[in-house]
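Top line first, the protein sequences correspond to chains A and B.
Per our numbering, the first sequence starts with residue 1, numbered consecutively.
Per our numbering, the second sequence starts with residue 162, numbered consecutively.
The beta carbon of each residue, even a glycine, is placed where N, CA and C say it ideally should be.
Data block below; observations after.
There are 2 protein chains.
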Amino acid sequence: MEAVTIREAVPGDEGVILGFIRELAEYEKLLEDVVAKEADLYAALFEEDSVAYSLVVEVGGQAVAFGLYFYNFSTFAGRKGIYLEDLYVKPEFRGKGIGSALLWKLAGIAVEQDCARFEWSALDWNQPAIDVYTGIGAKPLEEWTVFRLDGEALHNFASGK
Amino acid sequence: MEAVTIREAVPGDEGVILGFIRELAEYEKLLEDVVAKEADLYAALFEEDSVAYSLVVEVGGQAVAFGLYFYNFSTFAGRKGIYLEDLYVKPEFRGKGIGSALLWKLAGIAVEQDCARFEWSALDWNQPAIDVYTGIGAKPLEEWTVFRLDGEALHNFASGK
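Now the structure itself:
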């Protein structure tokens, strides 16, 4: 395989990243939920008050994978952490260690920045991914369930309906 | 009950908030995991590059509850969201709607700021909390499990051990 480079996303990458997000959503059978536009990603990643960060993996100059993350916070540790929201490798580049390389890069960033932890989520049926995650020593937080309010339910609750 | 006020945390609240964090950890049977110091909370909440935000609930001028949150990001929506990391109400003030009032306040902040979603997590055995969450229309993301790398496992993976 040609040389693999992992770099921070730069303005101009938002189109490639949106393409990856759509491919990932298709794999998760959630493509109809993707309403993000390139301008949304540009704002979130590159404008002042940005809330998200992304790494891009290139092989021979072609972008083949990305990892988008943000910072969370552990009240118990009193320190921030890294939460990897999306990790995606183009199908034809899977099985070459690119996903693990991205996780390794982010773990290094977490350690460098004195983060308390590095976290992400997996769909329970995505066994190939889960095998990679447990293989590198990550622990599933099986006792916890995330609750979400969005769309109409969020607006109804906020407005007292 | 005396008047209930929900306000943003201000410098000086870090001691009260740390006390709440320790009480919450005790309830979750995780007190030994709390290593946060007041200075850590001060930095995270009030210094430049702060990553966390907190609301404080007062009853008759006494702080009785808090909700600490940060922003996450939905790649599908292309918009930020609010993640409530900790919600705690002192035992003697429970059952009075204070937890729900905090959730309602945060839902309002999420809507005002055009957030895609408002999320938090619950321990699977905390049925009283889960009943409140489903009662206000929140959906449990039962298909997803969070994976965590921290402590020695994080350092070992980052350093290639």
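- Three or more Cβ pairs closer than 8 Å define a contact, and the segment 300-316 of chain B falls short of that threshold against the segment 236-256 of chain B.
- In the structure shown, the three-state DSSP call for A:Gly97 is coil.
- Inter-segment contact for the segment 221-239 of chain B and the segment 29-38 of chain A is present: three or more beta-carbon pairs are separated by less than 8 Å.
- Contact holds between the segment 37-44 of chain A and the segment 7-19 of chain A, because three or more Cβ pairs, one in each stretch, are under 8 Å apart.
- Under the three-state reduction of DSSP output, B:Thr236 falls in the coil class, being neither helix nor strand.
- If you look at A:Glu14, you'll find it in the alpha helix (DSSP H) that goes Glu14 to Tyr27.
- Remark: C-beta atoms of B:Ala186 and B:Ser215 do not approach each other more closely than 8 Å.
- No Cβ of chain B is located within less than 8 Å of the beta carbon of A:Tyr27.
- Of all residues in the segment 294-318 of chain B, those with a C-beta nearer than 7 Å to a C-beta of chain A are Tyr294, Ile297, Gly298, Ala299, Lys300, Pro301, Leu302, Glu303, Glu304, Trp305, Thr306, Val307, Phe308, Arg309, Leu310, Asp311, Ala314, Leu315, His316, Asn317 and Phe318, reading in chain order.
- Inclusion of A:Asp131 and B:Glu304 in the CB contact set at 8 Å is not warranted, their separation being larger than that value.
- DSSP, read as helix, strand or coil, puts B:Leu191 in coil.
- Three or more Cβ pairs drawn from the segment 244-251 of chain B and the segment 221-228 of chain B lie within less than 8 Å of each other, which places the two stretches in contact.
- About 5 Å separates the CB atoms of B:Asp247 and B:Leu229; that is less than 8 Å, so the two are in contact.
- In the three-state scheme derived from DSSP, where H, G and I count as helix and E and B as strand, A:Glu112 is classed as helix.
- For A:Ala52, the nearest beta carbon of chain B is closer than 8 Å to its own beta carbon.
- In this structure, DSSP gives A:Asp124 a state outside helix and strand, which the three-state scheme calls coil.
- Looking at the DSSP output, A:Gly67 sits in a beta bridge with A:Leu55 and A:Leu87.
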